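Participant: A single structure is presented below for examination.
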Amino acid sequence: MSAKAPQSNLPPSELALQRISPQESLSRQIARQLGEQIAQGKIDVGAKLPTETRLCELFGVSRTAVREAIALLRSQGLIETQRGVGSRVVGRERRHASPVRHIRATTAEEILQVLELRMGLEPQAASLAAQRHTPQEALRLQAAHEQFIDACRRGGQARHEDYRFHRTIIEATHNPCFLALYQPLHQEAIPRARLLAGEMEEDAVGGYLERIEREHEAVLMAILSGDGDAAFAAMQRHFDRPYQMYASYQVAGQMAGPMAGDAT
1 MSAKAPQSNL
11 PPSELALQRI
21 SPQESLSRQI
31 ARQLGEQIAQ
41 GKIDVGAKLP
51 TETRLCELFG
61 VSRTAVREAI
71 ALLRSQGLIE
81 TQRGVGSRVV
91 GRERRHASPV
101 RHIRATTAEE
111 ILQVLELRMG
121 LEPQAASLAA
131 QRHTPQEALR
141 LQAAHEQFID
151 ACRRGGQARH
161 EDYRFHRTII
171 EATHNPCFLA
181 LYQPLHQEAI
191 PRARLLAGEM
201 EEDAVGGYLE
211 RIEREHEAVL
221 MAILSGDGDA
231 AFAAMQRHFD
241 RPYQMYASYQ
251 VAGQMAGPMA
261 GDAT
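Numbering of the sequence shown is given in the numbering used here, commencing with residue 1 and proceeding in unit increments.
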């Protein structure tokens, strides 16, 4: 006799779920709440999630929003789904899913060139901003961070808001040379602004933006506390991850040959 799959520790009615707000992407709110229940062990590894119908009732949303949330949890490595069986928890820790499905080698090279410039510029700018920002600039930095979060919650990719956050740091250096180098980049400084729609892994974008949000917050807190060394280090970490990611895409494209470079 085969062993039964474990059930969640709490029945669906007792899970600490909240009704969904229309001010934020519905699917991301659902995925975040379910992810928290999984991380806290309230839904065991091996246990099945409530059915789509039950999740619709619990969150007060449409089946489309629930399915998008399930896809996001699947992309994060938390669940797996089998047709006719449902969704089962396979892990408690989110994996760092890439927002890129595939990328042209030439695009990867262009992104890396801009990142190299920014990596030489922005950690030092963050350090100077920590030492030189005014109270008014502190408010502008906080506002730029909140605008980024708001754009992400609405389901957008927050390209403009991402650029605005970084530019506000540049302005807080009070060094016109930094701004002269940074200003021509515009929104194209943001790597995902160079990607075509077909190159984006839509299910992974939400988790990717949440990671950027946490990295931005670390930079912001260091600047507001006046800690130049911490601001430098936080900004450096913020760039290390995407640089390594796009460098790996470039190598993969070169190994695959011309066809990878022409992919769209």
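Glycine included, C-beta positions come from ideal geometry on N, C-alpha and C. In this text the structure is predicted, and so the values were computed from the model without any measurement.
Please go through the same chain and pick out, in chain order, the residues whose beta-carbon is closer than 7 Å to the beta-carbon of alanine 39, but skip the five residues on each side of it.
Facilitator: Answer for alanine 39: Arg92, listed in chain order.
Participant: Which first and last residues belong to the alpha helix (DSSP H) in which arginine 140 is found?
Facilitator: Per DSSP, arginine 140 belongs to the alpha helix (DSSP H) from 135-153.
Participant: If you run the structure through DSSP and keep just helix, strand and coil, what is arginine 92?
Facilitator: Note: arginine 92 maps to coil in three-state DSSP.
Participant: Tell me which residues share the same chain as histidine 166 and place their Cβ nearer than 6 Å to its Cβ, disregarding the 5 neighbours each side in the sequence.
Facilitator: Closer than 6 Å at the Cβ level, and outside the excluded window around histidine 166, lies no residue.
Participant: Quick one: what's threonine 64 bridged to in DSSP?
Facilitator: Note: threonine 64 sits in no beta bridge, so no partner.
Participant: Taking the alpha carbon of threonine 106 as the point to measure from, which residue in Arg214, Val219, Ala234 and Pro191 has its own alpha carbon closest?
Facilitator: Considering only alpha carbons, the answer is Pro191.
Participant: How many Å lie between glutamine 131 and glutamine 187 at the Cα?
Facilitator: Taking the straight line joining both Cα atoms gives about 26 Å.
Participant: Out of curiosity, what's the CA-to-CA distance linking proline 176 and leucine 121?
Facilitator: Between proline 176 and leucine 121, the C-alpha separation is close to 13 Å.
Participant: Give the DSSP-derived three-state secondary structure of glutamine 82 in the structure shown.
Facilitator: Strand, per DSSP.
Participant: Taking 8 Å as the cut-off, does the segment 205-212 touch the segment 106-116 (at least 3 CB pairs, one atom from each stretch)?
Facilitator: Verdict: no, contact absent.
Participant: Mark arginine 83 as exposed unless 16 or more other C-beta atoms lie within 10 angstroms of its C-beta, in which case mark it buried.
Facilitator: With fewer than 16 Cβ atoms within 10 Å of its Cβ, arginine 83 is classed as exposed.
Participant: Restricting to Cα atoms, I'd like to know which of Asp162, Ala69, Leu195 and Ala189 is closest to glutamate 213.
Facilitator: The shortest Cα separation from glutamate 213 among Asp162, Ala69, Leu195 and Ala189 belongs to Asp162.
Participant: Serine 62 and leucine 26 - do their beta-carbons sit closer together than 9 Å?
Facilitator: Contact flag set, yes.
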